[in-house]
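Student: The structure's right below; bear with me while I get my questions together.
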């Protein structure tokens, strides 16, 4: 019997690696992205391309306007995206944190997983390299998995669902190494908070800095296309 998994796919480096890992584990992958009012839509285009590359059974894009609640530099244009910050010195939760985003995304993915009778949801959250996001912690992933199995018909009937976060304890360098082993073409991915519609990265936001550090740490050429070049 085939194994099915729903994979949350933003189009970025981490979620693409998580997709590659799910595929490598023998899952039939169903990818899900969200147009939630984020600054850049380039990542959504990347997600579509990546889904085809990894032969996802189906890719869907959910429209979900989180600009109505705002509270994040990614959904409220009156809040500037920080640039050239000293990431290691940051102590507070960054303004790029989107309130309840992963909880909402996983909830919708849970609904699709139940319809598909999928046994796992893959999410590319990471708690090692700096993010400061409360919904990227192992405690959150475990808590949501408990909720998923309490709140669904599948869970009540004993068909337990697992929320897999395979990158949770990996550094950015380790993620890149694993992705390269699995044949990920990182030039297809977009990680920048302020990417242009053509997918050009700013090279200055936290996401760009962490991504660049990961490639540099491995001595691997960074395939990212930067708007500053």
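Numbering (this note's numbering), first residue to last: 255 to 483.
Beta carbons: idealized from backbone N, C-alpha and C, even for Gly.
(1) Identify every run of the alpha helix (DSSP H) within the segment 337-409, keeping only runs that are complete inside it and at least 4 residues long; order them along the chain.
(2) Are residue 335 and residue 459 closer than 8 Å when you measure CB to CB?
(3) Would residue 401 and residue 362 be called neighbours here (beta carbons separated by less than 8 Å)?
(4) Measure how close the beta-carbons of residue 303 and residue 373 come, nearest whole angstrom, since I'm counting them as under 8 Å.
(5) How far does the alpha helix (DSSP H) with residue 297 in it extend, from its first residue to its last?
(6) If the criterion is Cβ atoms closer than 8 Å, does the pair residue 285 and residue 274 meet it?
(7) How long is the line joining the alpha carbons of residue 416 and residue 457, rounded to whole angstroms?
(8) Contact between the segment 317-326 and the segment 435-444: three or more CB pairs below 8 Å?
(9) In chain order, what residues of the same chain have a beta carbon less than 7 Å from the beta carbon of residue 277, not counting five sequence neighbours either side?
(10) At the level of alpha carbons, what is the spacing between residue 327 and residue 292?
(11) Is DSSP giving residue 277 helix, strand or coil here?
(12) Thinking just about the alpha-carbon of each residue, which of 471, 414 and 449 is nearest to the one in residue 479?
(13) Just grab the DSSP bridge partners of residue 480 for me.
(14) Hey, how far is the Cα of residue 476 from the Cα of residue 433?
(15) Hey, how far is the Cα of residue 294 from the Cα of residue 447?
(16) Given this structure, state the Cα-to-Cα distance separating residue 391 from residue 481, to the nearest angstrom.
(17) Using the C-alpha atoms, what's the distance from residue 360 back to residue 379?
(18) Over the uninterrupted beta strand (DSSP E) stretch that includes residue 314, give me the two end residues.
(19) Enumerate in chain order the residues of its own chain whose CB-to-CB distance from residue 203 is below 7 Å, with the five nearest sequence positions on each side excluded.
(20) Let me confirm a value: residue 269 is counted as buried when at least 16 other C-beta atoms fall within 10 Å, else exposed. Which label applies?
(21) For residue 472, which residues from the same chain have a beta carbon less than 7 Å from its beta carbon, with the 5 sequence-adjacent residues on both sides left out?
Tutor: On the basis of the coordinates in this document:
(1) Along the length of the segment 337-409, whole alpha helix (DSSP H) runs at least 4 residues long occupy 355-370 and 392-405, reported in chain order.
(2) Looking up residue 335 in the chain shown gives position 81. Looking up residue 459 in the chain shown gives position 205. With contacts defined as CB atoms closer than 8 Å, residue 335 and residue 459 qualify as a contacting pair.
(3) Stepping through the chain shown from its first residue, residue 401 is reached at position 147. Stepping through the chain shown from its first residue, residue 362 is reached at position 108. Against a cut-off of 8 Å, the Cβ pair of residue 362 and residue 401 comes out as no contact.
(4) Position 49 of the chain shown holds residue 303. Position 119 of the chain shown holds residue 373. Contact doesn't hold; Cβ gap of about 27 Å is too wide.
(5) Stepping through the chain shown from its first residue, residue 297 is reached at position 43. 296-307 is the extent of the alpha helix (DSSP H) around residue 297.
(6) Counted from its first residue, the chain shown places residue 285 at position 31. Counted from its first residue, the chain shown places residue 274 at position 20. Between residue 285 and residue 274, the gap from beta carbon to beta carbon reaches 8 Å or more.
(7) For the purposes of this step, residue 416 is taken as the residue at position 162 of the chain shown. For the purposes of this step, residue 457 is taken as the residue at position 203 of the chain shown. When only Cα atoms are considered, residue 416 and residue 457 end up about 35 Å apart.
(8) Taking a cut-off of 8 Å on C-beta distances, the segment 317-326 does not touch the segment 435-444, as fewer than three cross pairs fall below it.
(9) If you number the chain shown from 1, residue 277 lands on position 23. Cβ within range, chain order: 283 and 308.
(10) By 1-based counting over the chain shown, the position of residue 327 is 73. By 1-based counting over the chain shown, the position of residue 292 is 38. Rounded to the nearest angstrom, the two C-alpha atoms are 9 Å apart.
(11) As a working note, residue 277 is residue 23 in the chain shown. Helix at residue 277.
(12) Residue numbering aside, residue 479 sits at position 225 when the chain shown is read from its first letter. Residue 449 is the option with its Cα nearest to residue 479.
(13) On the chain shown, position 226 is the one that residue 480 refers to. Assignment of beta-bridge partners to residue 480 by DSSP yields 455.
(14) As a working mapping, residue 476 is identified with position 222 in the chain shown. As a working mapping, residue 433 is identified with position 179 in the chain shown. Using only the alpha carbons, I get a separation of about 14 Å.
(15) As a working note, residue 294 is residue 40 in the chain shown. As a working note, residue 447 is residue 193 in the chain shown. Looking at the two C-alpha atoms, the distance is approximately 7 Å.
(16) Here residue 391 refers to the residue found at position 137 of the chain shown. Here residue 481 refers to the residue found at position 227 of the chain shown. For residue 391 and residue 481, the distance between alpha carbons rounds to 32 Å.
(17) Numbered from 1 along the chain shown, position 125 holds the residue referred to as residue 379. Numbered from 1 along the chain shown, position 106 holds the residue referred to as residue 360. Going by the C-alpha atoms only, they are around 11 Å apart.
(18) Start at 1 with the first residue of the chain shown, and residue 314 comes out as number 60. Note, residue 314: beta strand (DSSP E), 312-317.
(19) With the chain running from 255 to 483 in the structure shown, residue 203 is simply not present.
(20) One-based indexing of the chain shown puts residue 269 at position 15. Its Cβ being crowded by 16 or more others within 10 Å, residue 269 is buried.
(21) Working through the chain shown from its first residue, we reach residue 472 at position 218. The answer, listed in chain order, is 427, 430 and 431.
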